[in-house]
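Peer 1: So in the UniProt record's numbering, the last spot in the sequence shown is 199, and the numbers never skip.
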Amino acid sequence: MDEIVKMIGLKNNCTFCGVFRSQALDRGAALLKVDKLATGHNADDMAETVLLNILRGDIAREDGPIPRCKPFKHTYEKEIVIYPCGIYSPNAYCGFAREFIKDLEKIRPRAILDIIKSGDNFRISTLTKMPEQGTCEKCGYIASQKWCKACALLDGLNRGLPKMGIGRSRGLDNGVSKKEKRANGPRSIQSKPYGSLDF
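1. So is Lys149 buried or exposed if we call it buried at 16+ other beta carbons inside 10 Å?
2. Keeping to the same chain, check which residues put their C-beta closer than 8 Å to that of Leu51; ignore five residues upstream and five downstream.
3. Taking only the alpha-carbon atoms, compute the straight-line gap between Ala143 and Leu37 and give it to the nearest angstrom.
4. Could you tell me whether the Cβ atoms of Asn42 and Glu3 are closer together than 7 Å?
5. Which value, in whole angstroms, describes the spacing of the CA atoms of Asn158 and Leu104?
6. Quick check on the DSSP output: the alpha helix (DSSP H) that includes Met1 runs from which residue to which?
7. Leaving out five residues on either side along the sequence, give the residues of the same chain with a beta carbon under 6 Å from the beta carbon of Gly119.
8. Would you list the residues sitting across from Arg68 in a DSSP beta bridge?
9. Assign His1 to buried or exposed, taking buried as 16 or more other Cβ atoms, counted over all protein chains shown, within 10 Å of its Cβ.
10. Roughly how many angstroms separate the alpha carbons of Thr75 and Ile112, rounded to a whole number?
11. Helix, strand or coil for Thr15, going by three-state DSSP, please let me know.
12. By the 10 Å Cβ neighbour count, where 16 or more other Cβ atoms means buried, how is Ile66 classified, buried or exposed?
13. Taking Lys117 as the reference, which of Trp147, Glu48, Gly140 has the closest Cα?
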């Protein structure tokens, strides 16, 4: 993230952090062949997400290729001693949601848990057509567009530099011609022997 922030500044860096972190978790879990991924989201995080989705007119996304569980979903942030804080985004949109929720909590102590409950009760209308999930043409990760968000972000960062897809390590495709790659198509995250996250 240090190098990315040097290139793009403090604007929109939450997008890069969120996308790359999410894919890194999925890829690491796939390499370990686990069937569930536990994250450290606490009650404040969950309430912020629900509130941000409401403000953006959005809905919660489905899990990635590996299902998530959130054991701290109903644990308040103040009850957790060590809490990671994004140093690159002091003015991020989520900061507004956090402060707003803290103000709500002063008025109504159960506000955080109530917001989480509301988010759990959201339902997608049967008349709403959801985008179909495909796979990224560059790396094989789940995507609703031609490229996954991580590869699109990397492409922007790597303009003018040698291009590498996320998860590609040097020598991974040695001996495989471009024609064979096209014939085989993109490999899925579970089957592809991903290396380190290259930038």
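Ideal Cβ placement from N, Cα and C applies to all residues, glycine included.
Peer 2: On the basis of the supplied data:
1. When all chains shown are included, Lys149 counts as buried.
2. Within the same chain, Leu51 has close Cβ partners Ala97, Phe100, Ile101, Ile115.
3. 19 Å
4. Contact: no.
5. 43 Å
6. Counting along the chain, Met1 falls outside any alpha helix (DSSP H), and DSSP gives it neither H nor E.
7. Val50
8. Leu37
9. The amino acid occupying residue 1 in the given sequence is Met; His does not appear at that position. Classification of Met1: exposed, given that the 10 Å Cβ count is below 16.
10. 10 Å
11. helix
12. buried
13. Glu48
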